[in-house]
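Inspection log for the structure reproduced underneath, given as structure tokens.
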DNA sequence: GCATATTGTTAAGTAGGTAAACAGTTTTGC
DNA sequence: GCAAAACTGTTTACCTACTTAACAATATGC
């Protein structure tokens, strides 16, 4: 009598996948996103800016005197969710909230020199991480991928 | 004297973006993923399976008697993270944990009839949601996108 | 046999948000 | 003018989707 067949995949075999799952854009999108995000964190280390913090800083540097509301809209998140991100950037001395003469509700975001430097340094690291992770994609493939992702992004709800 | 210039973007203008951010694959990937995920949830409603639960059910249906460890590996998550997902599927009567004769550590996952039906129905809804959301992409574009995302997924860490 | 590995599980923590409410401050509609 | 509506930043509570570390029970390698 043979020993009972194992009701599982031997770990030495390649992992199988549900065929229909693998054909879904959403599933592939998520799995690819996880790959890139993990590599981002590995590349930038513990002291580095998180993806969302880097994105916020990038926009604040590119568009000085942005308000938090507008920045939240650009990032596609709620105003309330941006508060912690700005708190972190301000605490790290990368930008500061400043009052605006014409509107006392608003706090314009002014990038500081350390913030501009941190942005430049982090951008270089992020580009290096992407270049290395995606070195098996040709330039045309990368451009095509961005083109297609932007086509999906056209459905972003601009609340 | 003109009234002080507003230190923010008028909301009537199109939202600007940080140029370098828009060229990053990771950023576009995340934003596109959020679009698809939100549409998924809107399409499936409150009673529907979440993306992760649907993915787990798909694999459990495609490969009956899978163990939780193997399923977690296929999904690219930790064993501990899968427990809540299986709890939910079992609570909803979609599958059940069963003991395996040869190995008393293992709990094989057996899809129930309700689970097979729920999987089929949910798959149809998910396909409909993707078809509608991505109707502005041609079939070739969709295939290309999946091809490129899978190229990124080749870097998945198969721990 | 004993050391080592594996399985499922719990508990605690993390990341990245949303939703609702709020006070303070404009802006709109008459 | 002035009340109603809208907008800003913020706090609080909550949520989703994980991870890490530990654990007992069980199985495997040598």
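Residue numbers (the working numbering), protein chains in the order written: chain A, 1 to 159; chain B, 160 to 318. Every residue, glycine too, gets a C-beta built ideally from N, C-alpha and C.
Query	Result
Would you kindly work out how many angstroms separate the C-alpha atoms of residue 137 of chain A and residue 44 of chain A, rounded to a whole number?	22 Å
Let me make sure I understand the geometry here. Which of A/121, A/63, A/78 has the alpha-carbon closest to that of residue 111 of chain A?	A/63
Use the C-beta contact count for residue 190 of chain B: other C-beta atoms within 10 angstroms, 16 or more gives buried, fewer gives exposed.	buried
Which same chain residues end up closer than 6 Å to residue 49 of chain A when comparing Cβ atoms and leaving out the 5 residues on each side of it in sequence?	122
Closer than 8 Å by beta-carbon distance: list the chain A residues that pair up with residue 303 of chain B, in chain order.	144, 148
Around the C-beta of residue 306 of chain B, are 16 or more other C-beta atoms found within 10 angstroms, so that it is buried, or is it exposed?	exposed
Would you kindly report the start and end of the unbroken alpha helix (DSSP H) that includes residue 19 of chain A?	19-22
With DSSP as the reference, please indicate the residues paired to residue 103 of chain A in a beta bridge.	A/100
By DSSP, does residue 210 of chain B sit in helix, in strand, or in coil?	helix
Under a three-way DSSP split, which group does residue 149 of chain A fall into?	helix
Just checking my contact of residue 57 of chain A with residue 118 of chain A at CB under 8 Å: how many whole Å lie between their CB atoms?	7 Å
Taking residue 264 of chain B as the reference, which of B/227, B/187, B/317, B/192 has the closest Cα?	B/227
Looking only at DSSP bridge pairs, what is residue 67 of chain A linked to?	A/108
Any idea what DSSP makes of residue 254 of chain B, helix, strand or coil?	strand
What first and last residue would you give for the alpha helix (DSSP H) that runs through residue 275 of chain B?	272-292
If you draw a straight line from the C-alpha of residue 240 of chain B to the C-alpha of residue 210 of chain B, how long is it?	14 Å
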